[in-house]
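One structure below.
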Amino acid sequence: MSKVADLSLAAQGKLKIEWAQAHMPVMAKLVEKYSATKPLEGMRVAGCLHVTKETAVLVKSLVAAGAEVSWSGCNPLSTQDDIAAALAEEGVDIYAWRGLSTEEFYWCIEQTLKFRPTLTLDDGADLIVLIHNKHKELLEDVVGGTEETTTGIHRLKAMADAGDLKYPLIAVNNAQTKWDFDNVYGTGQSSLDGILRASNILLAGKTFVVAGYGHCGTGIAFRASGMGSNVVVTEIDAVKALRAKMDGFSVMPMDEAAKVGDIFITATGMKDVIVGKHFESMKDGAIVCNTGHYDVELNLPELKSLSVERREVRPNNAEYVFENGKKIFVLAEGRLVNLSAAEGHPSEVMDMSFANQFLSLIRLAREGKNLENKVYDVSLEQDALVAETKLEAMGVKIDKLSPEQVTYLTDYNAGT
Ligand code: ADE
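If you want the numbering used here, it's the 1-based position in the sequence shown plus 22.
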């Protein structure tokens, strides 16, 4: 069964999936290995993650490894309808289209629960929370789950701390081969891609304000700087603010940044980062967007109440006009600009993130029943395997420690 926007888009979706496959060599290696042994046979995987060409490669890989799969998108604006159509045409159980209402969003997730999943794969934790709060009857079948994103991990850790987490979860986001690459280079490039597709603005010479200097904010700041913008960072964490300063960026509170910025992007995971008073002090023509998981970082209801008019001036670009004629442009309705206005992170970087998803689900299929109901990190061995496979695919060789060097590592008597 499936429900997608338009099946006639399947041929276009298939071409994009082929493109992604050609740029995801780690996934290709894993499929080659595990389609023979089928470690996911008997597993029913409910997935709730952005429907993109890269996700399609993940879905097909899970099927090749023996899993039954049912899928929904994890954000109302991020589904690529041609990809959803291609998966549906291949017989994948998928419920996803771009432009879901909140009601439809949860309806889609609910459909994926009908086959009683044994494993869950989530991005943002909506699927996991839905099972825990509304479908407790499913908990007995679930052996474990994975979580893709920083925001989702925060929610799951809060659940675990409250004693409410009822099955083991693996924090794929926290793998080094995920967050040092996907969050930094992926978000950096795809967020600028979204801003450019929605505005085609020149970045050189602009003041570009990045709220949040975690992995994602760092990636965005460096990429914007590389395109010639003067980057301003806002932070609430002293260490991260210090790092931004020493990386060469200006650091100031949002109250100040709001007055000087030409382009604003939030990457914090926190609500109300840019609110009415900030919109009020922004320059005429400022462009504002968000790349965090939820659309709570920009307070758009406050912007609406300050405006006398709103119109779509380009795809994913809404102009808000104030009484005095000042205009503010909001991209992608404050939803993650990289997936709503562009295609998300490029395939090469999702290759590593999804290799971690794939391997973590295999681990859970094997060991899930023996794990505690807490949030686990990806193992160091898995991180090393993903990095080594990626390097090999890129044709990069590295050095090895000699036996003498290994001994030196553990010899505490070896000093000056
Ligand atoms: N998150 C960010 N980029 C993505 C992509 N290309 N596919 C799936 N999830 C993503």
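Where is the CB? At the ideal position from N, CA and C, for every residue including glycine.
Computed from a predicted model, the values in this text were never measured in an experiment.
Cβ pair residue i, residue j closer than 9 Å
i    : j    : result
A364 : I287 : no
T313 : I242 : yes
N392 : K188 : no
G366 : S100 : yes
T168 : L141 : yes
K8   : P61  : What the structure shows of the chain is the stretch from 23 to 438, and residue 8 is not part of that stretch, so it cannot be assessed.
F351 : I309 : yes
A58  : A107 : no
Y56  : A86  : yes
I39  : V79  : yes
P368 : H45  : yes
V231 : A197 : no
G227 : G250 : yes
G216 : L353 : yes
R138 : L109 : no
A409 : T199 : yes
C70  : D183 : no
K25  : Q133 : yes
V53  : V81  : no
S375 : G208 : yes
G166 : L358 : no
N378 : V254 : no
C130 : S213 : no
A299 : D284 : Note that residue 299 is Lys in the sequence shown here, rather than Ala. Against a cut-off of 9 Å, the Cβ pair of D284 and K299 comes out as no contact.
Y235 : A260 : no
R120 : A27  : yes
Q404 : L381 : yes
C238 : V282 : no
G307 : K349 : yes
I153 : L135 : yes
Environment of residue i [buried if 16+ CB atoms lie within 10 Å]
i    : result
Y342 : buried
S424 : exposed
Y434 : exposed
Q427 : exposed
M23  : exposed
K22  : What the structure shows of the chain is the stretch from 23 to 438, and residue 22 is not part of that stretch, so it cannot be assessed.
L402 : exposed
M416 : exposed
T240 : buried
S30  : exposed
P98  : buried
V418 : exposed
Y117 : buried
G347 : exposed
E76  : buried
L431 : exposed
I420 : exposed
V67  : buried
G95  : buried
D204 : buried
L264 : exposed
G64  : exposed
Cβ-heavy atom distance, residue i to ligand 1, below 8 Å
i    : result
T288 : no
G298 : no
H367 : yes
S212 : yes
G208 : yes
M372 : yes
H72  : yes
L361 : yes
E76  : yes
E169 : no
D294 : no
D145 : yes
D202 : no
The region 316-328 touching the region 265-274, judged by at least three CB pairs closer than 8 Å: no
Whole runs of the alpha helix (DSSP H) within the region 157-235, excluding any shorter than 4 residues: 172-183, 198-201 and 209-221
contact_flag[the region 314-321, the region 277-293] where n(CB pairs < 8 Å) is 3 or more: yes
Length-filtered (3 minimum) beta strand (DSSP E) runs lying within the region 273-344: 285-288, 308-312, 329-336 and 339-344
Given 8 Å, three or more beta-carbon pairs between the region 163-183 and the region 106-124: no
Any 3 or more C-beta pairs closer than 8 Å across the region 182-196 and the region 207-226: no
Completely contained beta strand (DSSP E) runs for the region 25-63, where each covers 3 or more residues: none
Continuous alpha helix (DSSP H) assignments of at least 4 residues falling wholly in the region 369-395: 369-389
Alpha helix (DSSP H) runs wholly inside the region 71-140, at least 4 long, in chain order: 75-86, 103-111 and 124-134
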